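Enquirer:
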Amino acid sequence: MARRPRALLLVALAAAAAALLLAPRPAAAAGFIPSIPSPFRTPSLSSTFRSPVAAVAEAVRAYPSIFRSAREQLMLRSGGSEGDLSRTNGLFSLQVHDICPMISEVTFMSASVSCLAMTTLESTLRNRRAPGSPTECVNKGETGYGEQVEPSRVSLLDGTPAPVPLPDERPLPPAFTPRRTRALMYNEGATWAWHWGVINNILLFSMCAKGGGGNLDFMVPEGWEPVGPGTGQLPGIYDLVQTDGSPPMPFMALLKTNGRGVVGGGGAAAGGSSYGGGGGGDGGKNLGVNVTNVGDGQLAIVFRGTNSGPEWMLDFQYHRIPRSLFPGPFFKGNYFDGETHAGFTAVFNMIWPHVRAALQKEVLAPGSRVRHVTVSGHSLGAAVATLVSFAAQRFLDANNASVSVGAILVASPNVGNLAFVQSHATLVNARRITFANDVITMVPCTGGDAGGRGMPACNAKASQGGKVAVWTDYYPLYGLVSLTPKDMPVQVAAWENTDRIPLFDVPTADALTGALHVCAYECFFSRWSDKERAAQSSCLLVPPTLKESDGHSYCYGFPTLGFMRQ
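Using the working numbering, the final residue of the sequence shown is 663, and nothing's skipped along the way.
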């Protein structure tokens, strides 16, 4: 496929490398206060330092202490063995699950050194599009749909239709139990895969959209129709403003069923799925989940992932805004509980008026047939979908609508503090789908309240001293559906080897970023895809066996010699 994000992992990766090499001093932690500027006006992290030379000098002076501290922390996590340490976190590779603890430890000891690492990362990513995608539309004269593919409307496993409304699991647990996860996978997997297909199509369309440098149309899924006029040249498609002056890019699709969707099954034999309740074709009934046929009455709000340098910069606006109000006319509860990520909230503020108008017309208007709303997204899109789903349920509740909002959040970064997360868990029927080794789902790093450990408050002036130096209490959303290498349909052993990032093998590190943040999900969802989509599974990381090569494709950037040697 044309899109392959292999970038934001560099955020955590380079910061963690800095944790190994740079040295903080405890006294330097104070003096960095978060600012809360207007949306998209957050100062560069590099503005934290009046003198880059002074910042580097501080890092060099403190080198011995941070190296000792980082090494001690790593030895504790590896069981205290030098041999274990060399295998897991030597000079040449880094365990992905050690990245956030190391950032947190460095931030605790010196916010300025931690900010230096963040500044370097910001500069690296500022002018990048999503890795794996071209810097501009390659074939501006191409018409039609380009590489977009019709999302699978029937499960490849058992012939059940998709998408269907999500069964209500509120209040959400922090994570679903393994048994419940298997039930959800079996009964909802085809719906997740359908939304993933639409997410990918928006991303593929956004590069060469009409009015944005190309001539492609957006592939509206069969059985659905666009909602609203859109903000570009196509109805139902809404753009995201780019802060570098480049043209706005399609970011959100608003769609509703048109009454001519798939109803009923057929296809593959019922039962027999590795996620089923057994070979009897019980459709998961023994696990307590009901399956509903696709019909009319669904509204889908779908967001693509990051696809430009300015969009990457939104991730660095991770200072938090307390009880942010929703834009537009007042209604009861029109604010976020707790604190939310400033960059993601800024995007929400741009998008919400369009979503609210769609809810007013398609759900609340007399005679409306919409009874189910599902919000979905990947990466940046999943973070924005988190906020949109919260606001949508609040808006519908304030208007006494008996409509529940579901959310399918694929590879979402952390969006808010514990107060927000707990409120979201009671309000929104969400599934937070993450791959175990995907670092993007771990950032901004969670610090809890443990002694000031967390993310450095970098976008503040050093002269403002005395308030917040660190953003603690970022917290992962509830409703976790955790994917592991064992959930991949092929090459499980290779996927188990994705927990280490080589520090000095750039091609392998680059390819692994895409594997962790994109290919893992593409591969997992291919279980429910029809043959056309399944053939683009991105499951292969190493040369395949004859059986594996049938119906599967390589993840972008693979195979690499560096990965095969790990």
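From the three backbone atoms N, C-alpha and C, an ideal C-beta is built for every residue, glycine too. If you're wondering where the values come from, they're calculated on a predicted model, not measured in any experiment.
Given 8 angstroms as the limit, is there contact between the segment 630 to 648 and the segment 567 to 583, that is, 3 or more CB pairs closer than that?
Expert: Not touching, per the Cβ criterion.
Enquirer: Could you say which of 328, 339, 343, 342 lies nearest to residue 350 if we only look at CA atoms?
Expert: Nearest C-alpha to residue 350: 328.
Enquirer: Measure the alpha-carbon distance for residue 720 versus residue 597 and round it to whole angstroms.
Expert: The structure shown does not extend to residue 720, since the chain is modelled only from 98 to 663, so the question has no answer here.
Enquirer: Kindly provide the ranges of any beta strand (DSSP E) runs that are 3 or more residues long and lie completely inside the segment 479 to 554, ordered along the chain.
Expert: 501 to 507, 526 to 532, all fully within the segment 479 to 554.
Enquirer: Let's see if you can read the secondary structure: which residues bound the beta strand (DSSP E) around residue 465?
Expert: Neither: residue 465 is in no beta strand (DSSP E) and is coded neither H nor E.
Enquirer: I need the straight-line Cα distance from residue 307 to residue 314, nearest angstrom please.
Expert: Taking the straight line joining both Cα atoms gives about 7 angstroms.
Enquirer: So does the segment 391 to 401 actually touch the segment 411 to 421, counting three or more Cβ pairs closer than 8 angstroms?
Expert: No, the segment 391 to 401 is not in contact with the segment 411 to 421.
Enquirer: List in chain order: all unbroken beta strand (DSSP E) runs of 3+ residues lying wholly within the segment 298 to 328.
Expert: Listed in chain order, they are 321 to 323.
Enquirer: May I ask you to report which of helix, strand or coil DSSP gives residue 330?
Expert: Coil.
Enquirer: Determine which residues share a DSSP beta bridge with residue 400 and list them.
Expert: According to DSSP, which records beta bridges pairwise, residue 400 is partnered with 349, 474.
Enquirer: Which of the three DSSP states, helix, strand or coil, is assigned to residue 270?
Expert: In the structure shown, residue 270 sits in coil (DSSP, three-state: anything other than H, G, I, E or B).
Enquirer: For residue 435, I'd like the list of residues in its chain whose CB is within less than 6 angstroms of its CB, leaving aside the five on either flank, ordered along the chain.
Expert: These residues qualify, in order along the chain: 513, 514, 516, 517.
Enquirer: Assuming the contact rule is C-beta atoms closer than 8 angstroms, residue 617 and residue 580 should be a hit. Round their C-beta distance to whole Å, please.
Expert: Right, the Cβ-Cβ distance comes to about 7 angstroms (below 8 angstroms), so this counts as a contact.
Enquirer: Within the same chain, show all residues whose beta-carbon is closer than 7 angstroms to that of residue 489, passing over the 5 residues directly before and after it, in chain order.
Expert: Correct list, in chain order: 452, 456, 470, 472, 502.
Enquirer: Over what stretch of residues does the alpha helix (DSSP H) that includes residue 603 continue unbroken?
Expert: 603 to 611 is the span of the alpha helix (DSSP H), which, as asked, contains residue 603.
Enquirer: Looking only at its own chain, which residues have a Cβ that is under 7 angstroms from the Cβ of residue 355, when we skip the five neighbours before and after it?
Expert: Cβ neighbours of residue 355 beyond the five flanking positions: 320, 321, 322.
Enquirer: Going by C-alpha to C-alpha distance, which of 352, 408, 433 sits closest to residue 674?
Expert: No information on residue 674 is available, as it lies outside the stretch 98 to 663 that the chain covers here.
Enquirer: Beta carbon of residue 542, beta carbon of residue 197: below 8 angstroms?
Expert: In contact: residue 542 and residue 197 (Cβ atoms closer than 8 angstroms).
Enquirer: Using DSSP with H/G/I as helix, E/B as strand and the rest coil, what is residue 597?
Expert: Three-state result, residue 597: strand.
Enquirer: So what does residue 336 bridge to, in DSSP terms?
Expert: DSSP, once it has assigned bridges, lists 347 as partnering residue 336.
Enquirer: So what does residue 258 bridge to, in DSSP terms?
Expert: According to DSSP, residue 258 bridges with 251.
Enquirer: Quick check on the DSSP output: the beta strand (DSSP E) that includes residue 239 runs from which residue to which?
Expert: Premise fails: residue 239 is in no beta strand (DSSP E) and is neither H nor E.
Enquirer: In angstroms, rounded to a whole number, what distance separates the CA positions of residue 338 and residue 276?
Expert: Each residue's Cα considered, the two are about 42 angstroms apart.
Enquirer: For the beta strand (DSSP E) holding residue 419, just list the boundary residues, first then last.
Expert: 417 to 419 is the extent of the beta strand (DSSP E) around residue 419.
Enquirer: Among 524, 191, 200, 195, which has the Cα closest to the Cα of residue 567?
Expert: The shortest C-alpha separation from residue 567 is found at 200.
Enquirer: Between the Cα of residue 251 and those of 481, 623, 279, spot the shortest distance and give me the residue it belongs to.
Expert: With distances taken between Cα atoms, residue 251 lies closest to 623.
Enquirer: In terms of residues, what are the limits of the alpha helix (DSSP H) holding residue 614?
Expert: It is not in any alpha helix (DSSP H) - residue 614 carries neither H nor E in the DSSP assignment.
Enquirer: Throw me the rounded Cβ distance for the residue 404 and residue 263 pair, which I believe falls under 8 angstroms.
Expert: 27 angstroms between Cβ atoms; not a contact.
Enquirer: Among all the DSSP beta bridges, which residues are the ones paired with residue 192?
Expert: Note: residue 192 sits in a beta bridge opposite 597.
Enquirer: I want to know whether the segment 606 to 613 touches the segment 528 to 542 - three or more CB-CB distances under 8 angstroms.
Expert: With a cut-off of 8 angstroms, the segment 528 to 542 and the segment 606 to 613 count as touching, because enough Cβ pairs lie within range.
Enquirer: By how many angstroms is the C-alpha of residue 621 removed from the C-alpha of residue 462?
Expert: About 38 angstroms.
Enquirer: Assign residue 228 to one of three DSSP states: helix, strand, or coil.
Expert: Residue confidence is low: residue 228 scores 44 on pLDDT, short of 50, so the model does not pin down where it sits. No coordinate-derived value is stated.
Enquirer: Can you round the beta-carbon distance between residue 649 and residue 634 to whole angstroms, since I take them to be within the 8 angstroms contact cut?
Expert: That pair is a contact at about 5 angstroms.
Enquirer: Around the Cβ of residue 524, are there at least 16 other Cβ atoms within 10 angstroms (buried) or fewer (exposed)?
Expert: Classification of residue 524: buried, given that the 10 Å Cβ count is 16 or more.
Enquirer: Using CA coordinates, which residue listed in 498, 497, 479 is at the minimum distance from residue 537?
Expert: When only C-alpha atoms are compared, the closest one is 479.
Enquirer: With a cut-off of 8 angstroms on the beta carbons, I'd call residue 448 and residue 335 a contact; round off their distance for me.
Expert: Correct: roughly 7 angstroms between the Cβ atoms.
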